[in-house]
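Quick note: to get the working numbering, add 4 to the position in the sequence shown (first position is 1). By construction, the Cβ of each residue, glycine as well, lies at the ideal position given by its N, Cα and C atoms. Following: one structure in structure tokens, then a few remarks.
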Amino acid sequence: MEIKITKNQHPAEKPKDESKLGFGLKYTDHMFIMDYTAGEGWHDARIVPFEDLHIHPAAVVLHYAAEVFEGLKAYRTADGEVQMFRPIENIRRMNNSAERLCLPTLDENDAMQALTTFVELEKDWVPHTEGTSLYLRPFMFATEANLGLHTIKEAMFCIIASPSGSYYAEGINPVKIMIETHDVRAVRGGTGYAKCGGNYAASNRAGERAEALGFSQVLWLDGVYQKYIEEVGSMNVMFKIDGKIYTPDLIGTVLPGITRKSIIELLKDEGYEVIEKRISVEEVITALENGTLEEAWGCGTAAVVSPIGELAYDGKEYVINDNKIGSLTQHLYDELTAIQWGKAEDKHNWTVKVK
Ligand code: PLP
Ligand code: COI
């Protein structure tokens, strides 16, 4: 694929204080764009100076939410190199999401080329401080002007990047999570497994209510019985109960997290029994009450591994591991980030170096 590059003649100053980056607030000098037209396929791949997009007020995405996105990171290693973590997994998941939303899919090699060429150009934006990274946000949406509901004929694929620090203000300290008992996020046959903007829009109300009560995010229950644990707003969830690790299985309603998949592999390498199954909220409450729930954590690209210090359900608040980071949670965070930051051997070949 040919990518036309137009360099930004007025590059911005890189953030001086990397401890104040926050998450997703600042953007780099360029963005990748390519267009899709039915019959022609993807065309006009280009990297251009970062600027506002111009889209038609009747563009399908603005009315019918035909949008999917991804989130992955580029890390600066100790020897100054830059590497991405499992980018091919993000590309494949984006194609699964696109297929669900009837958006066009991407050629895997072209998408990889787009990511690597873009990160190569923005390499100096990858922050240096431990715990920071360049968050990459590929996204795709339907652009054609049409208020009727029809097969999507025009779309755009973009990649933007944001130098980022910790996702939570708490850093790697325990977060308070509220189990949501009213709204639901996904049902089987719906879009739960797809990374589409609509899932997050539908989650906002519960998220806002939880935030107003002092919680970081909500833990979703299944959309039918509101009985089984699914995932947190931006993370998959895992519990250590009686020495074994439990995580909800992927039955179409939960996002198949790449961090989840990686952690399961790391846990199995170390001999842990990992059980992927439907976990009822009662099971978790019982384990909390009888003291067998040792640790709980969320995991995701933005949040990495985030200890859950407090879970609220039905008006009751339960403290986990004295509201401290559990030893396994800390170990998983250390192990995963050591691979991502190039400090530990990458036995699984998960990282992809950028020139
Ligand atoms: N679940 C949801 C709803 C998410 O938004 C994310 C973040 O991407 C995850 C789980 C974790 O997925 P990953 O580890 O691929 O980032
Ligand atoms: C990510 O972890 O990459 C995400 O996409 C989370 C996002 C919803 C903030």
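With a cutoff of 7 Å on beta-carbon distance, Glu298 and Lys244 are scored as near each other.
Distances from the CB of Ala206 to the heavy atoms of the ligand COI are all 6 Å or more. For Asn99, the shortest separation between its Cβ and any heavy atom of the ligand PLP does not lie below 6 Å.
The beta carbon of Ile262 sits closer than 6 Å to the beta carbons of Arg90, Glu93 from its chain, once the five residues preceding and following it are set aside; these are given in chain order. Per DSSP, the beta bridge partners of Asn240 are Cys303. Cβ contact annotation for Glu269 (same chain, cutoff 7 Å, sequence separation greater than five): His352, in chain order. Looking at the DSSP output, Pro252 sits in a beta bridge with Lys281. For the pair Met5 and Asp83, the CB atoms are not nearer than the 7 Å cut-off. Taking a 10 Å sphere around the C-beta of Asp338, we find fewer than 16 other C-beta atoms and assign the residue as exposed. Between Trp129 and the set Gln87, Ile343, Leu217, Met182, the nearest pair of CA atoms involves Gln87. Around the C-beta of Gln13, fewer than 16 other C-beta atoms lie within 10 Å, and the residue is accordingly described as exposed. As a beta-bridge residue in DSSP terms, Pro53 pairs with His34.
For Thr195, the shortest C-beta to heavy atom distance toward the ligand PLP is 6 Å or greater. The Cβ atoms of Thr147 and Ala165 do not sit closer than 7 Å to each other. For the ligand COI, residues qualifying as neighbours are Gly75, Ser238, Gly304, Thr305, Ala306, where qualification means a beta carbon closer than 5 Å to at least one of its heavy atoms (chain order). By the CB criterion at 7 Å, Arg192 and Gly237 fall outside the cutoff.
Minimum Cα-Cα distance from Gly75 among the listed residues Arg96, Ala205, Val65, Leu336 corresponds to Arg96.
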